[in-house]
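The structure appears right after this line, and notes come after that.
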Amino acid sequence: MKILVASDKFKGSLTAAEACSCIAAGLREGLNGSGLEIRELPVADGGDGMARTLTSASGGSWIESSVTGPSGDKVLAGYGLIDGGKTAVIEMAEASGLALLGTRARDPLRASTYGTGELILQALSAGASEILLGIGGSATNDGGTGMALALGYRFLDAGGKELRELPMGLETLARIIPPDDFPYPKVTVACDVTNPLLGPEGCTAIYGPQKGVTPDTFPKHEERLSRLVSLSGEAGESAAIVPGAGAAGGLGFGAILFLKARLVNGFDLVADRLGLEEAISWADLVITGEGRLDHQSLEGKAPFGVVRLARKKGKQTAAFCGSLADRSLESEFGPISEIRDPDLKLEENMARGPELIRAAARRFASTLDSR
Numbered sequence: 133m134k135i136l137v138a139s140d141k142f143k144g145s146l147t148a149a150e151a152c153s154c155i156a157a158g159l160r161e162g163l164n165g166s167g168l169e170i171r172e173l174p175v176a177d178g179g180d181g182m183a184r185t186l187t188s189a190s191g192g193s194w195i196e197s198s199v200t201g202p203s204g205d206k207v208l209a210g211y212g213l214i215d216g217g218k219t220a221v222i223e224m225a226e227a228s229g230l231a232l233l234g235t236r237a238r239d240p241l242r243a244s245t246y247g248t249g250e251l252i253l254q255a256l257s258a259g260a261s262e263i264l265l266g267i268g269g270s271a272t273n274d275g276g277t278g279m280a281l282a283l284g285y286r287f288l289d290a291g292g293k294e295l296r297e298l299p300m301g302l303e304t305l306a307r308i309i310p311p312d313d314f315p316y317p318k319v320t321v322a323c324d325v326t327n328p329l330l331g332p333e334g335c336t337a338i339y340g341p342q343k344g345v346t347p348d349t350f351p352k353h354e355e356r357l358s359r360l361v362s363l364s365g366e367a368g369e370s371a372a373i374v375p376g377a378g379a380a381g382g383l384g385f386g387a388i389l390f391l392k393a394r395l396v397n398g399f400d401l402v403a404d405r406l407g408l409e410e411a412i413s414w415a416d417l418v419i420t421g422e423g424r425l426d427h428q429s430l431e432g433k434a435p436f437g438v439v440r441l442a443r444k445k446g447k448q449t450a451a452f453c454g455s456l457a458d459r460s461l462e463s464e465f466g467p468i469s470e471i472r473d474p475d476l477k478l479e480e481n482m483a484r485g486p487e488l489i490r491a492a493a494r495r496f497a498s499t500l501d502s503r
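Plus 132 on top of the position in the sequence shown (first one is 1) and you've got this note's numbering.
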């Protein structure tokens, strides 16, 4: 039997590569390696983990440096260089992510994507001519203006004064001046949501509350972004309604407007880069997984993307997860192995992730032996 193990990360417990390795090891132990060929292919969607997954799979290099975090302090962020250094893989969450705030207060009126712009500049200075940009997990709601400021765009108020603390003062914006010599690399944005920039389905209404947007500050956020659109003319109006423009606090919109980027489905981008379809064609059984499987997993998440491709090719599928919301998901994923120990607390389950997933894979292997 040929088995492809194509798992996503188990967030906070196992990287995608570690999850694949543990599942493969458990399968081999359960069947003593007899009659078994296993291929490991860690996967991701456009969320966190994309950059490291693609960098590792491509044999690229991971570069780390200090950049400006979402609240203005310095953070250590990284990006990958692949294709011989010609392509940079960047996740905005590395520099502008919500997780970087820790226990600190969330202030979306000030939180900026400036550090994401710094990562892009560093990648260009390193020789990259193409950017793959994953957006998601942001602490920001600035429409990508912080990123643009780092790239050399100038934002002026009605008196000609430069606005340097964006998004602060964005409501007074009167003019946007592009940089004279920015090289405009080819930019492809991995985006797993379809929200527009503004309105009831826009970034502020749907994702703002988790970043600290409150009912009393909602109008100010919407006013800022609306002003940004209107001052950008037809290009801004067109960008604002592109599906995914509202991703990452409007960074999808900002990437289109300021970087001339193209937005694509995150999983599709990763799958194409990894050669996932070809790997699935090789296999008899495709195993995927992630930290939690629930009905949101059916909305652009990597494991469901793996299963869809596998089913399209008539392959058997199975999945592993840390926790399972609903056993009915087996109608989509095939047999699901929930690895958590119900007698342990969440933190202990996560700490013992490698051991638990390996044991679950050994148990699953016994079902293969009986087929």
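Beta carbons: idealized from backbone N, C-alpha and C, even for Gly.
These numbers were taken from a predicted model, which means no experiment stands behind them.
Measuring straight from C-alpha to C-alpha, what distance separates residue i and residue j?
| i | j | result |
| --- | --- | --- |
| residue 457 | residue 320 | 33 angstroms |
| residue 239 | residue 383 | 17 angstroms |
| residue 281 | residue 217 | 25 angstroms |
| residue 177 | residue 381 | 18 angstroms |
| residue 225 | residue 496 | 35 angstroms |
| residue 172 | residue 137 | 5 angstroms |
| residue 168 | residue 135 | 7 angstroms |
| residue 166 | residue 482 | 31 angstroms |
| residue 283 | residue 139 | 35 angstroms |
| residue 492 | residue 474 | 14 angstroms |
| residue 202 | residue 232 | 8 angstroms |
| residue 350 | residue 204 | 22 angstroms |
| residue 255 | residue 409 | 29 angstroms |
| residue 397 | residue 259 | 26 angstroms |
| residue 215 | residue 316 | 19 angstroms |
Is it the case that the Cβ atoms of residue i and residue j are separated by a distance below 8 angstroms?
| i | j | result |
| --- | --- | --- |
| residue 335 | residue 267 | no |
| residue 452 | residue 432 | no |
| residue 461 | residue 425 | yes |
| residue 360 | residue 302 | yes |
| residue 212 | residue 199 | no |
| residue 158 | residue 489 | yes |
Can you give the beta carbon distance from residue i to residue j, rounded, assuming they're within the 8 angstroms contact cut?
| i | j | result |
| --- | --- | --- |
| residue 278 | residue 298 | 5 angstroms |
| residue 285 | residue 308 | 6 angstroms |
| residue 272 | residue 243 | 5 angstroms |
| residue 344 | residue 142 | Going by Cβ atoms, the distance from residue 344 to residue 142 rounds to 27 angstroms, so no, they are not a contact pair. |
Among the candidates the options, whose CA atom is the shortest distance from the CA of residue i?
| i | options | result |
| --- | --- | --- |
| residue 209 | 435, 371, 223 | 223 |
| residue 206 | 173, 197, 214, 192 | 197 |
| residue 447 | 271, 175, 412, 315 | 412 |
| residue 466 | 244, 435, 475, 311 | 435 |
| residue 403 | 371, 231, 437 | 437 |
| residue 370 | 388, 296, 359 | 388 |
| residue 417 | 140, 141, 156 | 156 |
| residue 354 | 372, 365, 367 | 372 |
| residue 391 | 263, 346, 255, 472 | 263 |
| residue 174 | 163, 160, 189 | 189 |
Could one say the Cβ of residue i lies closer than 8 angstroms to chain C's Cβ atoms, at least one of them?
| i | result |
| --- | --- |
| residue 472 | Here there is only one protein chain, and chain C is not present. |
Is residue i a contact residue of the ligand ATP, with contact defined as CB to any heavy atom under 7 angstroms?
| i | result |
| --- | --- |
| residue 431 | By its list of ligands, the structure shown contains no ligand whatsoever, and the ligand ATP lies outside what it can speak to. |
Cβ contact check for the stretch 376-391 and the stretch 317-335: 3 or more pairs under 8 angstroms | yes
Below 8 angstroms, can you find three or more Cβ-Cβ pairs linking the stretch 184-194 to the stretch 136-153?
-> yes
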